[in-house]
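Here the structure is laid out as structure tokens; the discussion comes afterwards.
Residue numbers (the working numbering), protein chains in the order written: chain A, 1095 to 1173; chain B, 1095 to 1173; chain C, 13 to 154; chain D, 13 to 154.
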């Protein structure tokens, strides 16, 4: 089971602070993004979200596994 | 009688907060600078001093009279 | 996180300019520059009543630490203090304070501006603005 | 001198960052930048024990007012507060505070830096540094 943290508008879209993927786990960030857009089409209407793996921004090729800390990072707006 | 305010190192050189010119009054800033260098040669060893007339920086051609507020402005060092 | 002349905090209570200032003051420094970001009462013509900041706190602190390290490298910053609010923030409240001390003031200005620019670009903190007629996540939608 | 969103003071007592901050805070502003100049304990390898600032006060206030007006014109600054010490100032004490609020932060940085650069260039204030073995007027001699 892969656990994904959701923040900001991502939490509103999924209605949860964590979502889980139980089967056909994506093997990298690109796969996760496709999974998200398929299961939550509302992500398509957002400005580009990033994915963080173990608290670092990760590009599409970054591999992911169930032991990683994975998070959806919508466009930030601190300050 | 023309009264000249002295600040910072100018006050050290003249040993006074005010100096006065009693006769042969300079008619402009340039004349005043010449008078100062003649009467207090130590001014020659300083970085360039400015003259303020009525609390404004004045160039060499600015006329001066006994009714003006005149001051020697050594290189500033605030902040 | 307080380490190596860098003080980074994400706090639920009022931020203190004096605390940040006291942290960065250094006897060898001639200049301290502070940026203070406050909550505006208007945005795009709408009345803002308050904000709510959500943070991915562990990553935000990590990212701010990197930004601070970049300042030490790029601008030879002496000490940095970066405090950011989380949760409910009222109008006129301070959302963020960035304080930087440097031997030369020009580099203190450059570093302080660098931190706020980078913070707004990459630190995982999200602002929800509450208006009189609703709320929305800033920057989220085109 | 307090007028038209500009607060300029030359003071014999400790300066307060909070006072300057409170003056410039404005509900329409997103960013406040402050510069705080403190007394260094070293200058050119010598130990500095304290400073003394002499001022041509009326002209200094006039000149600072002009600089502040230039900020409003050049950088659309909203409010400015400039406080400078006079007389005896100890190590680590604050010599000058400049606070600027702006709608856009970039211009707050530009204005704050402009004020301190201009202040050091043209405002009639003179710093005498006291070392363990004597004293001298800063910048006076080549």
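Even glycine gets a Cβ: it sits at the ideal position worked out from N, Cα and C.
CB residue i to CB residue j, shorter than 8 Å?
i                       : j                       : result
residue 1154 of chain A : residue 1131 of chain A : no
residue 1102 of chain A : residue 132 of chain C  : no
residue 110 of chain C  : residue 47 of chain C   : yes
residue 38 of chain C   : residue 93 of chain C   : no
residue 40 of chain C   : residue 142 of chain C  : no
residue 76 of chain C   : residue 20 of chain C   : yes
residue 1114 of chain B : residue 1096 of chain B : yes
residue 22 of chain C   : residue 78 of chain C   : no
residue 1104 of chain B : residue 1164 of chain B : no
residue 35 of chain D   : residue 91 of chain D   : yes
residue 125 of chain C  : residue 87 of chain D   : no
Counting only beta-carbon separations shorter than 8 Å, does residue i have a partner in chain G?
i                      : result
residue 142 of chain D : Looking at the structure shown, chain G is missing, and the protein chains on hand are A, B, C and D.
How would you write the range of the alpha helix (DSSP H) that residue i sits in, first residue to last?
i                       : result
residue 1144 of chain B : Careful: residue 1144 of chain B lies outside any alpha helix (DSSP H), inside the beta strand (DSSP E) at 1144 to 1147.
residue 1108 of chain A : 1102 to 1108
Hey, could you find the ends of the beta strand (DSSP E) residue i is sitting in?
i                       : result
residue 148 of chain C  : 146 to 149
residue 1165 of chain B : 1164 to 1167
residue 1152 of chain B : 1150 to 1152
residue 18 of chain C   : 18 to 23
Pull up the CB-CB distance for residue i and residue j, whole angstroms please, since I reckon it's below 8 Å.
i                       : j                       : result
residue 160 of chain D  : residue 108 of chain D  : A question about residue 160 of chain D goes unanswered here, because the residues of chain D that appear run from 13 up to 154.
residue 136 of chain C  : residue 1170 of chain A : 6 Å
residue 1120 of chain A : residue 1129 of chain A : 5 Å
residue 1149 of chain A : residue 74 of chain C   : 5 Å
message: Quick check on the DSSP output: what are the complete alpha helix (DSSP H) runs of length 4 or more inside the stretch 32 to 109 of chain D, in order along the chain?
response: 69 to 87
query: Is there contact between the stretch 19 to 39 of chain C and the stretch 1141 to 1153 of chain B, where contact requires at least three CB pairs shorter than 8 Å?
result: no
query: Any contact of the stretch 79 to 91 of chain C with the stretch 62 to 78 of chain D, i.e. 3+ C-beta pairs under 8 Å?
result: no
query: Where in the stretch 1109 to 1137 of chain A do unbroken runs of the alpha helix (DSSP H), each at least 4 residues long, occur, reported from the N-terminal end onward?
result: 1123 to 1133
- request: Evaluate contact between the stretch 1131 to 1141 of chain A and the stretch 1156 to 1165 of chain A, counting only Cβ atoms and requiring at least three cross-stretch pairs below 8 Å.
  value: no
- prompt: Do the stretch 111 to 125 of chain C and the stretch 135 to 154 of chain C make contact, defined as three or more Cβ pairs closer than 8 Å?
  reply: no
Those runs of the beta strand (DSSP E) which lie wholly inside the stretch 106 to 144 of chain D and span at least 3 residues: 106 to 114 and 137 to 143
message: Quick check: the stretch 48 to 62 of chain C against the stretch 92 to 108 of chain C, are at least 3 beta-carbon pairs closer than 8 Å?
response: yes
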